[in-house]
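Below you'll find the structure, written out as structure tokens, and then a few comments.
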Amino acid sequence: MKLLKLFIALSLSINLGIMTPLSVNAVPKVVEQVAAIVNNNVILESDVNDMLKTIKASVDPKNLPNDKVLRQQIIERLIIENLILQKAAKAKIKVSDNEVTNAISRIAAENGMTIDQLRSRLSTMGISYSSYRERIHNDMLIEETRMHEIRPRIKVSNREIENLAKNIARQPTNNIDVKISHILISIPEKASKQQINNATNKAQDIINRAKKGESFAKLATSYSNDDFALKGGNMGWRKLNELPTIFEERLVRAEKGSIIGPIRSGVGLHILKVDDTRSEAPKIVKLQEVDARHILIKTNVLVTDKTAKQKLIDIRKSIINGTITFEAAAKINSEDTGSAGKGGNLGWNRPEVYDSGFRKALTHLKKGEISQPIKSSYGWHLIQLIDTRQVDATNAMNKDQAYRLIFNRKFSEEYQVWLQEIKGDAYIKITGEDKHE
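Structure, rendered in structure tokens:
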């Protein structure tokens, strides 16, 4: 790691658990212990203990190493998070209280609980709701910052999308999903031969132990240097095509239970365990499109909702009575400049492209039917459904999938490089009993 600055004043103020007398007769005060220094920030022992408590309450004990090793992994994780949060502060990235509340509501709902029940569950685990809320806030802020920093570094070309989409269409049964676990043994950017040898020996030892039946999750939690370490290395289900190319090549014919590696990349050595595999049958995707036309009357200080609605009621009566055609009425009355000249025709579109109020009314119409006046965010409308059709959207869906797979692959690769960069540019010092080489 690159030493940018020594924070002497901060270092001198750190008093690891020593009672600090304010005066000869003063009551002693316990100074919060510091677990690590990250640039001009500190990670407190209480932060480490809170995460230790959370992990031990939610992970099978047989997949966890001893507390000393687990604490070291937690400190490494908190260092990375602290560096990313410093990036967030510098870039002025924010996550609102409402966003955090909504996220917690979703988490509670996904677990079949109300927020009050979630609070109670956390309490029984010895976790305060305020610390849990701060954890969720930080997780969301970290994710926002990752996207803010990494997305501009990723370029996905049309040619890449076309080639992968064709491959998905041509070989759908080879569109494999893999459930994998991962261990990263990091190697510094300008590593010496000895450092590379040490990392290689360490990786090989881990592979040997895993092949002899030792818990891969426990090995990952003990030794891995990536974001999945505290999840036992579990990366979950992934499309083979979204994984780094060096992984894909080794996984394409791998069987369930296989231990693969070490695989060398720009950030270190990778060890993979294939927890499960599955492949998809060919998929034909059909989507509905609608052909519709409308007349729009906008509201303003002079045209109220009542006035706009009544005008459309009158126009509808004239169309129904045959006094005027829908097309002619649209050309005369519609304030949608894009469609008025075409008799209000909007062409073929998926219903999802329309405003929710407009879409709801449209989907309840029969062919040729004219709606009652309905309100959208744009104003008041009369809508006529001309026709509907089913279209083959397989190619479009394959391209969409191809883009996401390529983006995810490149994001994963760039993220590891970015982490290496920000760690290399930081002053990091682990203090106390957790200090290790």
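Heads up: the sequence shown runs through residues -26 to -1, 1 to 411, numbered per mature numbering (1 follows the signal peptide of the UniProt record, and there is no 0).
Heads up, the beta-carbon is just placed ideally off N, CA and C, and yes, glycines get one too.
Predicted model, so just to flag it, every value in this text is computed and none were measured.
Contacts around residue i, its chain only, beta-carbon distance under 8 Å, and the 5 residues preceding and following it disregarded
i           : result
SER131      : none
GLN91       : ALA82
THR174      : PRO236 and LEU243
GLU343      : GLN358 and LEU359
residue 479 : One cannot answer for residue 479 here, as it falls past the ends of the chain, which runs -26 to 411.
MET87       : ARG95
ALA77       : ILE110 and MET114
ILE170      : ILE161
beta-carbon residue i near the ligand PLP non-hydrogen atom, thresh 7 Å
i     : result
ASP90 : This structure does not include the ligand PLP; it has no bound ligands of any sort.
Nearest neighbour of residue i, chosen from the options [CA to CA]
i      : options                           : result
TYR106 : THR405, ASP21, ALA203 and ILE344  : ASP21
ALA62  : ASP310, SER32, GLY231 and ASP113  : ASP113
SER97  : ILE128, ALA31 and LYS36           : ALA31
GLU229 : ASN307, ALA143 and VAL152         : VAL152
LEU356 : ALA314, ALA367 and GLU326         : ALA314
ILE116 : LEU59, SER70 and PHE385           : LEU59
GLU309 : ALA282, GLU326 and ARG324         : ALA282
ASP34  : VAL275, GLY206 and ARG144         : GLY206
ASP366 : GLY353, SER386, SER351 and ARG324 : ARG324
Cα-Cα separation, residue i to residue j
i           : j      : result
MET371      : VAL259 : 7 Å
ILE404      : THR75  : 33 Å
LEU339      : GLY317 : 19 Å
ILE269      : ALA335 : 14 Å
residue 414 : GLU263 : No information on residue 414 is available, as it lies outside the stretch -26 to 411 that the chain covers here.
ILE48       : ILE11  : 14 Å
SER(-4)     : SER104 : Because the pLDDT of SER(-4) is 31, which lies under 50, any placement of that residue in the model is unreliable, and the question is left without a value.
ILE402      : ILE53  : 8 Å
SER70       : ARG133 : 39 Å
ALA191      : ASP41  : 15 Å
GLN375      : LYS285 : 46 Å
residue 427 : GLY312 : Because residue 427 is not part of the residues shown, which for the chain are -26 to 411, the question remains open.
Same chain only: Cβ atoms within 7 Å of residue i, ignoring 5 sequence neighbours per side
i      : result
HIS122 : ALA65 and ILE67
LYS27  : GLY100 and ILE101
ASP200 : HIS156 and LEU158
TYR328 : LEU336
LYS185 : ILE233
Beta-carbon proximity list for residue i, same chain, < 6 Å, skipping 5 on both sides
i           : result
residue 412 : For the chain, the structure presents residues -26 to 411; residue 412 sits outside this window and is missing.
ILE396      : LEU57
MET25       : ILE48
Counting only runs of 3+ residues fully inside the region 288 to 332, write out the beta strand (DSSP E) ranges in chain order. 319 to 323
Whole runs of the alpha helix (DSSP H) within the region 39 to 99, excluding any shorter than 4 residues: 41 to 65, 71 to 84 and 89 to 98
Runs of beta strand (DSSP E) lying entirely within the region 233 to 292, each at least 3 residues, in chain order: 233 to 238, 242 to 253 and 260 to 271
Between the region 209 to 224 and the region 378 to 387, are three or more C-beta pairs nearer than 8 Å? Because the criterion of three Cβ pairs below 8 Å is met, the region 209 to 224 and the region 378 to 387 touch.
Using 8 Å as the cut-off, can you tell me whether the region 343 to 354 makes contact with the region 387 to 399, which would need three or more C-beta pairs spanning the two stretches below that distance? no
List, from N- to C-terminal side, the alpha helix (DSSP H) runs of 4 residues or more that fit wholly inside the region 164 to 200. 167 to 185 and 190 to 197
Please give the ranges of any alpha helix (DSSP H) in the region 325 to 405, keeping only runs that are unbroken, at least 4 residues long and fully inside the region. Within the region 325 to 405, the alpha helix (DSSP H) runs of at least 4 residues that lie entirely inside it are, in chain order, 330 to 337 and 368 to 398.
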